[in-house]
Amino acid sequence: MIIEDHPFVAEATKALIAKSHPELSARVCDAAAPALSLLLDPDRCWHRVLLDLAWISTRSSSPNAGLGLSPPDYADMRRE
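Numbering-wise (numbering that gives the first Met the number 0), the sequence shown opens with residue 0 and increments by one.
Spelled out as structure tokens, the structure:
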């Protein structure tokens, strides 16, 4: 699984994996919530997870960049 919010980077990474390891199938997720949902699926097994981490400042007024997962978002995704 490739978790990356930049489409060009995600597709380039996917292409490199396909070229280097044609036996693997790469899945691209562009946000944390759908990726977490797939990771929590007990019927799926992942060989590698490539995650683009972005530093998120709580003092910044600019929109969050990258795929940062804030605690409220994670709390919504937890299994009961």
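Beta carbons are placed, not taken as given, at the ideal position from N, Cα and C, and that holds for glycine.
* Measure the C-alpha to C-alpha separation of H5 and I16 and round it to an integer number of angstroms. => Counted from its first residue, the sequence shown places residue 5 at position 6. Counted from its first residue, the sequence shown places residue 16 at position 17. Their Cα atoms are separated by approximately 17 Å.
* Delimiting residues of the alpha helix (DSSP H) encompassing E10 -> Counted from its first residue, the sequence shown places residue 10 at position 11. Note, E10: alpha helix (DSSP H), P6 to S19.
* Asked: Which residues mark the beginning and the end of the alpha helix (DSSP H) in which S24 is found?
  -> Reading the sequence shown from its first residue, position 25 is the one you call residue 24. The continuous stretches of alpha helix (DSSP H) do not include S24, and DSSP gives it neither H nor E.
* Where do the ends of the alpha helix (DSSP H) carrying A32 lie? -> Within the sequence shown, the letter at position 33 stands for residue 32. For A32, the enclosing alpha helix (DSSP H) has its first and last residue at A31 to L38.
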